[in-house]
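Q:
There are 2 protein chains.
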Amino acid sequence: MPEQKLTEYLRSNSGRFTEELIELLSIPSVSTDPERHPDMQHAAEFIQSELARLGFRAEVRPTPLHPVVYAELISDPALPTLLVYGHYDVQPPEPLEEWETDPFEPVIRDGQIWARGASDDKGQFYAHIKGVEAALATQASLPVNLKFLIEGEEEIGSPNLDEYIRMNRDELAADAVLVSDGAMVAPGVPTLTRALRGLVYIEVRIRTAARDLHSGAYGGAVPNAIHVLSDMISALHDENGRVTVPGFYDRVAELSDEEQAQLKEVPFDADRFLEQVGVTAETGEAGRSVLERIWTRPTLDVNGIAAGFQGEGSKTVIPATAMAKISCRLVPQQDKDEIMSALTAHIRALAPAGTEVEILEFGRAQPAQTPADFPALQAAASALRDVWGREPVHARTGGSIPVVNTFQELLGAPVVLLDMGLETDNLHAPNEHFSLDGYQRGIHAAALIYARFGQD
Amino acid sequence: MPEQKLTEYLRSNSGRFTEELIELLSIPSVSTDPERHPDMQHAAEFIQSELARLGFRAEVRPTPLHPVVYAELISDPALPTLLVYGHYDVQPPEPLEEWETDPFEPVIRDGQIWARGASDDKGQFYAHIKGVEAALATQASLPVNLKFLIEGEEEIGSPNLDEYIRMNRDELAADAVLVSDGAMVAPGVPTLTRALRGLVYIEVRIRTAARDLHSGAYGGAVPNAIHVLSDMISALHDENGRVTVPGFYDRVAELSDEEQAQLKEVPFDADRFLEQVGVTAETGEAGRSVLERIWTRPTLDVNGIAAGFQGEGSKTVIPATAMAKISCRLVPQQDKDEIMSALTAHIRALAPAGTEVEILEFGRAQPAQTPADFPALQAAASALRDVWGREPVHARTGGSIPVVNTFQELLGAPVVLLDMGLETDNLHAPNEHFSLDGYQRGIHAAALIYARFGQD
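Residue numbers (the working numbering), protein chains in the order written: chain A, 229 to 684; chain B, 229 to 684.
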């Protein structure tokens with residue numbers, strides 16, 4: 229019974245797994261901090277040697293800033309290949325005075341491990357490494373080829389990752405990418421995320437006169453850039469909360485009955501969700517639940533606006549220019565390029581005569597969705613079912629994860645997000661922590677995926 | 229023939245009048261510049277001694293910052309009293325490299341006197357002093373009592389003037405206030421301004437959630453403060469360009485036939501006016517001319533707006549707060565307090581459920597209008613008619629002049645604006661200048677007003 233052997237191995241080694249994670253968490257690998265460069269190298273070497281010890285061909289590879297760790301264990305080129313992505317850099321720990329214990333001297337308290345990076349992302353990707361260790365310790369070979377790509381620049385926007393992936397496309401080729409760098413929908417509820425919203429982002433600059441004008445001398449007879457822009461923004465949604473960009477919803481499919489059923493299984497309290505952020509008025513597309521709105525529907529939000537006098541007190545100016553940042557969240561099967569064109573054309577069409585419009589584009593990310601019957605998704609679902617004793621929730625996420633898009637676009641590999649953390653882990657905040665139970669179950673789930681991939 | 233004597237006096241002294249103005253213009257009385265404090269005192273003393281020389285009881289009076297010059301010449305307490313207001317401080321001359329000659333070494337070139345303050349306002353108020361001199365030189369006594377109040381803080385917003393006037397109400401009591409600190413509607417067109425728009429100014433702050441939210445995690449299900457504020461701003465005007473604040477136009481009278489006729493006499497090229505500031509789309513209340521809109525109609529303008537992310541690049545935030553500065557220009561007989569109440573109530577009513585609204589008030593100024601048959605206005609009109617050989621234009625101004633409101637409210641004295649400058653004088657810019665012809669005609673007009681007040 230290989231599974232029983234596995235369970236025993238996990239039980240008898242759990243203390244060491246925690247000690248080793250503590251060692252990794254003790255390395256202050258803060259990617260923003262130039263003084264931490266040696267620690268970045270140190271963390272990368274720690275991971276490289278761990279993977280090498282398991283039999284991986286493992287290397288620390290330089291990039292223009294922080295190195296990536298790349299490792300592979302090819303059992304048989306004919307087998308499917310999984311790529312595990314993670315990041316060893318962490319957020320700066322500041323403000324230090326708000327930490328109850330030192331961010332880089334991990335402690336165990338209340339069933340949690342407290343340290344910067346515990347949940348984001350060291351504890352999560354390291355669970356995969358320990359999972360591989362357990363799988364290899366309890367069976368001769370794995371039914372899957374494994375590749376690990378652990379970067380050191382995620383917290384600063386992964387400036388060199390796209391280029392690295394582009395340059396190493398063949399080496400990184402995989403059938404699926406596994407990422408553990410997020411939160412389960414609720415404590416005790418195993419979560420697989422298979423759909424992410426995409427994004428298009430623009431900045432709109434309008435001009436209605438050659439210069440700002442005095443409201444005494446000109447008020448009443450000249451256009452005001454703020455009025456014009458407000459009218460344009462106001463026209464971007466209709467009275468039912470729907471985006472008015474022509475064709476915006478054309479490719480948006482209604483959820484299937486199965487998908488609707490999956491949504492209903494998600495333990496999500498809409499009232500509490502809104503109440504927690506001080507929202508008393510529900511907003512959005514009429515006739516949709518809150519979860520539908522944030523997970524399954526495309527949106528348009530103005531993210532910033534600026535015009536005229538913004539200082540203290542008063543200035544009687546009629547602004548000649550105004551700026552707004554506008555972005556759309558996209559859902560499968562919307563196309564980022566199509567929506568970008570439709571959005572910018574609509575903005576131009578909304579501008580009244582006499583208005584100059586300039587549009588800057590700041591980014592496009594395709595929405596992502598891994599097919600429900602995708603083998604890696606099935607394998608992860610089966611592993612989570614066994615580890616947690618309940619069916620995992622099939623979640624979506626309203627945000628974009630840039631690296632998911634990169635993998636999807638450059639490697640053509642769908643991504644499965646196996647979240648091990650919790651929303652309450654204080655990511656990016658003082659007193660970050662990660663549940664020891666979540667860590668051990670994460671190792672177990674990873675071990676099951678790698679031990680029996682394709683055999684469920 | 230006293231008028232012939234006057235004309236001869238003006239002709240034979242015109243050279244000296246210019247020399248004396250050059251002396252005043254040579255004093256770099258920049259009110260913003262702490263290093264110029266001695267020059268401020270020097271300028272005030274120069275004016276004080278000029279007025280004392282003419283027989284005025286004249287004093288330099290300290291204020292918390294720069295002194296005012298107060299002077300009076302009471303012929304007979306039973307006679308009407310005119311108060312002349314002006315300011316001896318000037319704008320900073322920077323950028324110095326753009327001046328063709330030194331801003332404080334006045335030169336005569338092309339019929340203009342070039343110096344900082346030539347038009348704004350030394351040349352204009354000094355013309356009144358020279359006018360008094362000419363009147364007194366050519367007749368035994370004046371048919372009017374005269375008071376001069378020349379301040380040194382106009383270019384920094386007159387921070388101490390209101391308090392000075394309040395504390396010296398009785399001393400300053402007058403039947404009318406004469407101010408020369410503006411521009412004629414066109415070269416060669418004598419201009420009297422008798423109506424100014426008033427102002428109310430507020431800052432609106434709204435809040436739609438407890439904090440800014442991530443557009444991936446919340447987009448589509450929570451209100452966006454920019455959307456809410458844009459909708460509110462958009463609703464402040466109707467499709468005919470009219471302000472939607474309830475009761476806004478209730479007290480706004482249509483122009484009389486005489487006033488309409490006066491408007492038509494104003495040499496004003498609406499197309500050129502808009503073209504000069506790069507406006508290609510006419511805006512404003514339907515069915516009104518551009519001049520009507522800027523002089524005779526109340527307006528609402530958003531003067532500033534700010535919310536969310538305004539830096540370079542992109543940030544996918546849903547702003548929880550947004551701010552707009554909003555002001556209204558008011559016309560006679562609108563009441564500033566009534567409009568302030570109606571405006572703030574309307575803004576609150578426009579905010580949808582779940583929106584917190586905070587409103588800061590930044591100022592109120594009553595619109596001002598001097599009656600058409602007001603004696604000081606008639607006297608000034610008669611003087612301008614004689615000096616320029618044509619009927620003066622009865623102008624209005626779209627802006628507010630705070631000091632006019634102060635005089636109106638604290639002294640109960642209507643204000644007559646006798647503009648001697650031109651829009652092209654480069655006020656507040658390099659190479660400020662003032663027409664010598666305008667200066668001499670200004671002296672002449674002032675002399676006629678003081679010599680024959682009430683005798684037209």
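Idealized CB from N, CA, C, for every residue including glycine.
Computed from a prediction, not measured in an experiment: that's the story for all the values here.
Is it the case that the CB of Ala-414/A approaches a heavy atom of the ligand MN more closely than 7 angstroms?
A: Summarising the ligand content, the structure contains no ligands, and the ligand MN is consequently not present.
Q: What beta strand (DSSP E) runs, 3 residues minimum, are completely inside the region 298-328 of chain B?
A: 309-315
Q: Using Cβ-Cβ distances below 8 angstroms, what residues of the region 540-560 of chain A are close to chain B?
A: Residues of the region 540-560 of chain A with a C-beta less than 8 angstroms from any C-beta of chain B: Gly-541, Ser-542, Lys-543, Thr-544, Val-545, Ile-546, Pro-547, Ala-548, Ala-550, Met-551, Ala-552, Lys-553, Ser-555 and Arg-557, listed in chain order.
Q: Opposite Arg-435/A in the DSSP bridges: which residues?
A: Thr-549/A and Glu-584/A
Q: Using a 10 Å radius around the Cβ and a threshold of 16 neighbouring Cβ atoms, would you call Met-395/B buried or exposed?
A: exposed
Q: Where Asp-330/A and Ser-462/A are concerned, what is the direct C-alpha to C-alpha distance, given to the nearest angstrom?
A: 49 angstroms
Q: Counting only C-beta atoms, is His-356/B closer than 8 angstroms to chain A at any point?
A: no
Q: In three-state terms, what does DSSP make of Ile-255/A?
A: coil
Q: Name the chain B residues whose beta carbon is nearer than 8 angstroms to that of Thr-634/A?
A: Those within 8 angstroms of Thr-634/A in chain B number zero; the least Cβ separation is about 17 angstroms.
Q: Spatial neighbours of Asn-373/B within its chain, please: CB distance less than 6 angstroms, with the 5 preceding and 5 following residues excluded, ordered by chain position.
A: Excluding residues up to 5 positions away in sequence, Ile-302, Ser-303, Leu-307 and Thr-309 lie with their Cβ nearer than 6 angstroms to the Cβ of Asn-373/B in the same chain.
Q: Would you say Leu-483/B faces chain A, with C-beta separation under 8 angstroms as the test?
A: With a threshold of 8 angstroms between beta carbons, Leu-483/B makes no contact with chain A.
Q: Name the DSSP bridge partner or partners of Asp-529/A?
A: Ser-555/A
Q: Are Ala-362/A and Ala-675/A close, meaning C-beta to C-beta below 8 angstroms?
A: yes
Q: With DSSP as the reference, identify every bridge partner of Val-494/A, one or two as the case may be.
A: Within the DSSP bridge table, the entry for Val-494/A names no partner.
Q: Might you give, ordered along the chain, the residues of its own chain that have their beta carbon closer than 8 angstroms to the beta carbon of Gln-594/A, omitting 5 neighbours on each side?
A: The beta carbon of Gln-594/A lies closer than 8 angstroms to those of Gly-426, Leu-558, Asp-563, Lys-564, Asn-633, Gln-636 and Glu-637 in the same chain, with the five residues before and after it left out.
Q: Under the three-state reduction of DSSP, which class applies to Arg-687/A: helix, strand or coil?
A: There is simply no residue 687/A to check, as chain A begins at 229 and stops at 684 in what is shown.
Q: Tell me the DSSP secondary structure of His-622/B in three-state form.
A: strand
Q: Among residues of its own chain, excluding the 5 on either side of Ala-355/A, which ones have a beta-carbon nearer than 7 angstroms to its beta-carbon?
A: So the qualifying residues of the chain are Ser-408, Met-648, Tyr-667, Gly-670, Ile-671 and Ala-674.
Q: Determine whether the beta carbon atoms of Pro-620/A and Thr-419/A lie at a separation below 8 angstroms.
A: Yes, the pair counts as a contact, with Cβ atoms nearer than the cut-off.
Q: Quick one: give me the first and last residue of the alpha helix (DSSP H) that Gly-398/B is part of.
A: Going by the sequence as given, residue 398/B is Asp instead of Gly. Unbroken alpha helix (DSSP H) run through Asp-398/B: 397-400.
Q: Report, in whole angstroms, the separation of the C-beta atoms of Glu-540/A and Met-568/A, which I expect to be a contact under 8 angstroms.
A: With a beta-carbon spacing of about 38 angstroms, Glu-540/A and Met-568/A fall beyond the 8 angstroms limit used to define contacts.
Q: Look at the Cβ atom of Leu-655/B, then the Cβ atom of Ser-347/B, and state whether they are nearer than 8 angstroms.
A: yes
Q: Does the region 315-323 of chain A come close enough to the region 229-236 of chain A to have 3 or more Cβ pairs within less than 8 angstroms?
A: no
Q: Under a CB-based cut-off of 8 angstroms, is Asn-659/B close to chain A?
A: By the rule that beta-carbons nearer than 8 angstroms mark a contact, Asn-659/B does not touch chain A.
Q: Buried or exposed, going by whether 16 or more other CB atoms sit within 10 Å of the CB of Ala-438/B?
A: exposed
Q: Determine the direct distance from the alpha carbon of Asp-459/A to that of Thr-598/A, and round the result to whole angstroms.
A: Rounded to whole angstroms, Thr-598/A to Asp-459/A spans 39 angstroms at the Cα level.
Q: Nearest-angstrom Cα distance between Phe-245/A and Ala-280/A?
A: 17 angstroms
Q: Could you say which of Lys-358/B, Thr-260/B and Thr-436/B lies nearest to Ala-509/A if we only look at CA atoms?
A: Thr-436/B
Q: With a cut-off of 8 angstroms on the beta carbons, I'd call Ala-550/A and Ala-535/A a contact; round off their distance for me.
A: Indeed, because the Cβ distance is near 3 angstroms, the residues count as touching under 8 angstroms.
Q: When we look at the beta-carbon of Thr-625/B and count the other beta-carbons within 10 Å, is it buried (16 or more) or exposed?
A: buried
Q: What is the DSSP secondary structure of Glu-637/A, reduced to helix, strand or coil?
A: Three-state DSSP puts Glu-637/A in a helix.
Q: Going along the chain, which residues of the region 588-604 of chain B sit with their C-beta nearer than 7 angstroms to a C-beta in chain A?
A: Phe-590 and Gly-591
Q: Which residue spans inside the region 352-415 of chain A form an unbroken beta strand (DSSP E) run of at least 3?
A: 373-379 and 404-407
Q: For chain B, is any of its Cβ atoms less than 8 angstroms away from the one on Gln-319/A?
A: no
Q: Excluding the five sequence neighbours on either side, which residues of its own chain have a C-beta within less than 7 angstroms of the C-beta of Gln-340/B, listed in chain order?
A: His-661, Phe-662, Ser-663 and Leu-664
Q: Closest Cβ-Cβ distance between Pro-415/A and chain B: below 8 angstroms?
A: At a cut-off of 8 angstroms between C-beta atoms, Pro-415/A does not count as an interface residue with respect to chain B.
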